[in-house]
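According to our numbering, the stretch in the sequence shown is residues 2 to 196, in order. The next block holds one structure in the form of structure tokens; read it before the comments.
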Amino acid sequence: MFNSYIIKIFLISIVLYLLLFYFIYEIYRQKKINLDSRYLKKIKKRLNKLDRKYIKSTGINKKIKILNVYNILLVEFVLFIIFFKFNLKSTGNIVVALTFSVLISLMPIIVLDIYKKYLDMKIRKQLVNFISTMNRWCQVKEDIFFCFEKTYLTKIGNPLNRYIFEFLTQVNMGMDIADALKILEMKFDNRFLIL
2 MFNSYIIKIF LISIVLYLLL FYFIYEIYRQ KKINLDSRYL KKIKKRLNKL DRKYIKSTGI
62 NKKIKILNVY NILLVEFVLF IIFFKFNLKS TGNIVVALTF SVLISLMPII VLDIYKKYLD
122 MKIRKQLVNF ISTMNRWCQV KEDIFFCFEK TYLTKIGNPL NRYIFEFLTQ VNMGMDIADA
182 LKILEMKFDN RFLIL
């Protein structure tokens, strides 16, 4: 009896929280309020960091078009609610249900983190070939764009080849080479390759 009241209060508070988040997001999207408070800037900064670390750098958003940070958070939230309700019914203990629900709801981020580490390991293996190819083309002509272009044509392998292609596309579309190199550096979350 007491647990059912707690669950109802918990679910109502979560629904109200989601509605509040949705309305704030819609107002922000329509630029009707100015979000300059420190708290909201910190949240936005953390969400951008998550987006850069797990979505943009892995390139998974190109394979799954609807994948972004907000959708991942929504999936985590839905997983939490479903498994909290299921675990609470099966165990009858709020602490156990909460613990298992949090662990299960973090699975999308854990999977993305494992995928990111896999890509970093793949880049580390391609690094020797990349550096030797860049070195050869630098001896031919001392132009960084030329070296990247010729290195791309040697087909080093993904994800490194994809990063070089994006760099070349950005420069060809008119972006400054220094800015494109900074963007390329942000994609490498690898301590062995900082440009």
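From the three backbone atoms N, C-alpha and C, an ideal C-beta is built for every residue, glycine too. The structure displayed is predicted, hence computed values, not measured ones.
Distance check for residue j and residue i, CA to CA, integer angstroms please.
{"i": "Lys-188", "j": "Leu-41", "result": "25 Å"}
{"i": "Ile-110", "j": "Lys-118", "result": "12 Å"}
{"i": "Lys-126", "j": "Ile-178", "result": "26 Å"}
{"i": "Leu-199", "j": "Ile-61", "result": "What is shown of the chain runs 2 to 196, which leaves residue 199 out entirely."}
{"i": "Glu-143", "j": "Ile-132", "result": "15 Å"}
{"i": "Arg-53", "j": "Ile-83", "result": "28 Å"}
{"i": "Ile-124", "j": "Pro-160", "result": "7 Å"}
{"i": "Phe-22", "j": "Asn-136", "result": "51 Å"}
{"i": "Lys-43", "j": "Ile-67", "result": "24 Å"}
{"i": "Glu-186", "j": "Tyr-71", "result": "25 Å"}
{"i": "Leu-17", "j": "Val-129", "result": "53 Å"}
{"i": "Leu-89", "j": "Ile-115", "result": "29 Å"}
{"i": "Leu-182", "j": "Gly-93", "result": "55 Å"}
{"i": "Met-108", "j": "Gln-140", "result": "47 Å"}
{"i": "Lys-63", "j": "Ile-13", "result": "36 Å"}
{"i": "Leu-20", "j": "Ser-5", "result": "22 Å"}
{"i": "Met-174", "j": "Val-76", "result": "36 Å"}
{"i": "Thr-59", "j": "Phe-87", "result": "33 Å"}
{"i": "Trp-138", "j": "Thr-155", "result": "11 Å"}
{"i": "Leu-51", "j": "Ile-65", "result": "17 Å"}
My output table needs one value for residue i: the three-state DSSP class, helix, strand or coil.
{"i": "Ser-106", "result": "helix"}
{"i": "Leu-68", "result": "coil"}
{"i": "Phe-189", "result": "coil"}
{"i": "Asp-177", "result": "coil"}
{"i": "Asn-94", "result": "coil"}
{"i": "Ser-209", "result": "Since the first residue of the chain shown is 2 and the last is 196, residue 209 is not available in this structure."}
{"i": "Ser-58", "result": "coil"}
Residue j and residue i - do their beta-carbons sit closer together than 8 Å?
{"i": "Ile-157", "j": "Thr-134", "result": "yes"}
{"i": "Ser-102", "j": "Phe-78", "result": "no"}
{"i": "Phe-85", "j": "Leu-74", "result": "no"}
{"i": "Ile-1", "j": "Tyr-153", "result": "There is simply no residue 1 to check, as the chain begins at 2 and stops at 196 in what is shown."}
Can a CB atom of chain C be found closer than 8 Å to the CB of residue i?
{"i": "Leu-17", "result": "In summary, chain C is missing from the structure at hand, where a single protein chain is found."}
- Message: Going residue by residue through the segment 122-175, where are the continuous alpha helix (DSSP H) segments of at least 4 residues, counting only ones entirely within it?
- Response: With a minimum length of 4 residues, the continuous alpha helix (DSSP H) runs that stay inside the segment 122-175 are 145-154, 161-173.
- Task: Say whether the segment 166-175 touches the segment 144-152, bearing in mind that this needs 3 or more beta-carbon pairs closer than 8 Å, one atom from each stretch.
- Result: Using a C-beta cut-off of 8 Å, the segment 166-175 makes contact with the segment 144-152, since at least three inter-stretch Cβ pairs fall below that distance.
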